[in-house]
Amino acid sequence: MSLHYLPAITLNIAILVLLLVIALKRSHQLAFYITGAGLFIACFSQCSLLRASHLSELHFSDELFSFSSMSVVLSVLLLGILIFIWLQLHTWLEKHEANHKEEFYLLLLLAGLGALGMIVSEHFASFFLSLELMSLSFVGLIAYSQSQPNSQEAGIKYLILSAVASAFMLMGIAIIYLQTGSLSFQYLAENLNNTTPSSMLFTIGLIFILIGLLFKLSLVPCHLWVADIFEGAPLPSTALLSTVSKLASFVVLWKLFHLGNWQENQVVLTLIGMVAVASMLIGNLLALLQNSILRILAFSSISHFGYLLILLFLFNHNADLLDNPTFPLEALLFYLSAYLITLTGAFSILMKLEEEKSLEALTGLFWSKPLHAASLSIVMLSLAGIPLTLGFMGKFYLVTASISYQVIWPLPFLVIASVIGLFFYLRVIMVMLSSTQTRHSSPSTAGEVASLWFIILLVMSLGTFPALFADTIKSVVG
Amino acid sequence: MIETTWVIILSFLLFAIGTFGLLSRRNLLFVLLSLEIMLNGIILLFVAASNLHGNNDGQIMYLLVLTLAASEVAVGLALVVQIYKQQQSLDVDTLTKLRG
């Protein structure tokens with residue numbers, strides 16, 4: 001048994017203990033601490049793995065899972081996001097849920113376990129099981145709130161659509177299995193290059209799998225669900241859905257793109273190109289029309305993953321001006337972590353505000369709660385990609401990578417989409433600045449202030465001095 | 001012994017019937033049933049492919065997909081009961097309060 005499984009085993013133990021505790025004695029405090037202990041031990045063991053051994057020794061694979069320095073870093077990022085959301089969960093649940101608070105932690109841990117499994121999966125069976133573990137827990141998380149009727153509608157919508165997506169994905173897996181007789185990613189990577197004569201069927205299988213993943217990432221042809229669910233679901237579930245689930249799905253998409261020689265499969269490349277351009281433009285254009293901050297974040301996440309799709313074109317590409325074969329991977333890690341950190345920050349600020357759903361509720365926030373408003377504006381600027389923030393560095397990396405690989409054609413679309421994006425990100429800030437009669441506001445606690453400062457400092461300092469972060473990523477990838 | 005081609009065609013047909021049912025049916029229960037038909041089509045394809053290649057991976061996938069179908073229906077029916085209690089109707093069209 002390898003040490004690599006330790007984080008997943010820890011989460012498993014935490015889930016089992018939590019189940020027993022809930023069965024014996026309901027206590028919100030206890031459930032909170034058990035979840036925290038599980039997450040912290042898992043994160044710590046993952047970090048110690050990174051620290052203890054030499055980076056090249058991190059590679060370990062067996063039939064179902066494979067670990068590398070990349071997967072370890074992504075798992076640390078995932079567990080970090082989970083811990084950050086967990087920290088705010090206690091106050092939020094106390095305020096918004098009347099009874100049955102404990103199961104939320106259970107579902108959070110299960111979804112985290114599923115995402116952790118997806119990141120390291122190396123076989124279609126393990127990928128599929130982890131994916132379903134994650135999606136079914138998300139159905140529970142979305143439909144959690146009993147007081148809100150919208151929550152259940154969002155839950156059933158997510159259940160049916162994610163079931164259709166996984167049915168399509170399974171159909172793709174079945175077609176590929178019919179073609180090759182194997183379910184392992186490794187086997188596919190070795191045997192894809194000598195393309196089979198009837199590769200038409202194979203392409204169809206790949207497209208089926210891509211449709212499923214595009215749904216999970218809410219990219220353009222399959223994006224209609226995302227705004228409804230962002231609006232209907234409880235806020236922490238939305239935060240988890242837009243960070244944890246998308247991180248795990250994107251990692252799987254990236255892994256599939258590493259198999260074999262994709263540059264020769266023109267059909268798939270054209271499809272991905274169209275999806276990328278459409279997501280960038282449509283995501284930002286639809287966000288212009290929205291009146292709810294959650295819907296704005298939902299549509300902006302569509303366009304952000306559209307930007308990220310550009311990076312998939314750079315793998316296995318020949319032209320490389322910088323002569324640095326790992327640069328696309330660095331750019332991918334940087335952009336992904338920059339975006340996810342910023343988005344987690346945005347959601348945790350929203351979780352601290354009482355009335356968060358509509359844009360009008362934020363009017364004059366600068367005068368009633370200056371710190372909240374300042375941190376929210378910095379997060380919005382980072383999402384828009386303004387210099388001195390984390391989001392700018394991510395975009396800078398992305399553009400540099402695609403220029404150095406001479407994949408120029410998506411860049412004009414990226415620029416246009418970013419300019420459109422500025423309109424609605426700045427609109428949020430404008431609304432907060434506009435003055436109204438001052439509302440009485442409850443004083444913020446020390447923990448709230450500390451976490452707001454933490455978000456501001458993280459986004460600003462990593463954006464101003466990105467060298468430390470970039471070097472870490474470089475050493476991990478290289 | 002049935003030829004594999006026929007099994008494959010049957011499984012694609014089942015998948016198509018399920019997809020059609022999912023798109024055309026308005027009742028939530030029938031939507032869930034159509035999903036089951038889709039999954040059954042996939043299961044059949046896995047078993048056929050496993051028979052064709054002579055390895056057992058497909059049959060293990062069959063067990064996994066079966067488990068998925070069961071748990072999906074369990075979660076889905078629980079939600080359907082909740083929604084029926086609230087709205088006294090299972091029509092998909094009446095369930096659209098969330099619109100932007």
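Top line first, the protein sequences correspond to chains A and B.
Positions 1 to 478 (UniProt numbering) are the ones given, in order, by the first sequence.
Positions 1 to 100 (UniProt numbering) are the ones given, in order, by the second sequence.
All C-beta atoms in this analysis are idealised placements derived from N, C-alpha and C, irrespective of residue type, glycine included.
Looking only at its own chain, which residues have a Cβ that is under 6 Å from the Cβ of residue i, when we skip the five neighbours before and after it?
| i | result |
| --- | --- |
| G21(B) | S34 |
| L297(A) | none |
| I209(A) | M169 and G172 |
| A165(A) | G212 and F215 |
| L362(A) | V431 and M432 |
| L381(A) | T389 |
| A143(A) | S151, Q152 and G155 |
| F32(A) | H90 |
| G421(A) | N284 and A384 |
| F313(A) | V407 |
Would you mind giving the Cβ-Cβ distance between residue i and residue j, rounded to the nearest angstrom? I have them listed as a contact below 8 Å.
| i | j | result |
| --- | --- | --- |
| I211(A) | C222(A) | 7 Å |
| F215(A) | I173(A) | With 8 Å as the limit, F215(A) and I173(A) do not qualify as a contact, their Cβ atoms being about 15 Å apart. |
| L333(A) | V17(A) | Rounded, the Cβ-Cβ distance is 33 Å, inconsistent with contact. |
| L108(A) | L78(A) | Actually they are not in contact, since the Cβ atoms of L108(A) and L78(A) sit about 12 Å apart, beyond 8 Å. |
| F327(A) | S237(A) | Not confirmed; about 36 Å, so no contact. |
| A467(A) | Y397(A) | With a Cβ gap of about 13 Å, A467(A) and Y397(A) do not count as contacting. |
| L52(B) | T4(B) | 5 Å |
So, for residue i: in the same chain, excluding its five sequence neighbours on each side, which residues have a beta-carbon less than 7 Å away from its beta-carbon?
| i | result |
| --- | --- |
| V7(B) | L44 and A48 |
| T464(A) | L388 |
| P197(A) | Residue confidence for P197(A) is low, a pLDDT of 49 falling below 50, so the modelled location carries little weight; the figure read from the coordinates is stated next. Excluding positions up to five away in sequence, the list is empty. |
| T342(A) | V379, S382, L383, L390, G391 and V459 |
| M61(B) | F46 |
| D93(B) | R26 |
| N191(A) | T180 |
| L10(B) | L44 |
| G100(B) | Summary for G100(B): the model assigns pLDDT 45, below 50, so the residue's position carries little reliability; its value from the coordinates is reported in the next sentence. Excluding positions up to five away in sequence, the list is empty. |
| A227(A) | R295, A298 and F299 |
| L340(A) | L77, I81, T243 and L247 |
For the alpha helix (DSSP H) that residue i lies in, which residues bound it at each end?
| i | result |
| --- | --- |
| S71(B) | D57 to Q87 |
| D228(A) | L224 to G232 |
| Y397(A) | L390 to S404 |
| W254(A) | K246 to H258 |
| S137(A) | F124 to I142 |
| Y177(A) | P149 to T180 |
| Q186(A) | F185 to N191 |
| P221(A) | Per DSSP, P221(A) belongs to no alpha helix (DSSP H) and is neither H nor E. |
| I37(B) | L28 to H53 |
| R427(A) | P410 to L433 |
| E448(A) | A446 to T464 |
| P370(A) | P370 to A384 |
| I9(A) | L6 to L24 |
| F347(A) | F327 to K352 |
| A239(A) | L235 to L240 |
| residue 111(B) | Chain B is shown only over 1 to 100; residue 111(B) falls outside these bounds and no answer can be derived. |
| A470(A) | A467 to V477 |
Which same chain residues, not among the five before or five after residue i, have their C-beta less than 8 Å away from its C-beta?
| i | result |
| --- | --- |
| S292(A) | E231, K357, S358 and L359 |
| C47(A) | V76 |
| F250(A) | L217, F305, L308 and L336 |
| I15(A) | G38, L106, L109, L110 and L113 |
| S300(A) | G283, N284, A287, L383, G421, F424 and Y425 |
| residue 488(A) | Given a span of 1 to 478 for chain A in the structure shown, any question on residue 488(A) remains unanswerable. |
Between residue i and chain A, is the shortest Cβ-Cβ distance under 8 Å, so that the two count as touching?
| i | result |
| --- | --- |
| S71(B) | yes |
| V81(B) | no |
| V31(B) | yes |
| A49(B) | yes |
| F46(B) | yes |
| N40(B) | no |
| G21(B) | no |
| Q86(B) | yes |
Measure from the C-beta of residue i to each C-beta in chain B and report whether the shortest distance is under 8 Å.
| i | result |
| --- | --- |
| Y144(A) | no |
| A248(A) | no |
| Q29(A) | no |
| L19(A) | no |
| V72(A) | no |
| P149(A) | yes |
| Q152(A) | yes |
| V120(A) | no |
| E190(A) | no |
| F128(A) | yes |
| G421(A) | no |
TODO: Please go through the region 89-117 of chain A and give each complete beta strand (DSSP E) segment of 3 or more residues, from N-terminal end onward.
DONE: none
Task: Length-filtered (4 minimum) alpha helix (DSSP H) runs lying within the region 257-313 of chain A - done: 266-288 and 293-312
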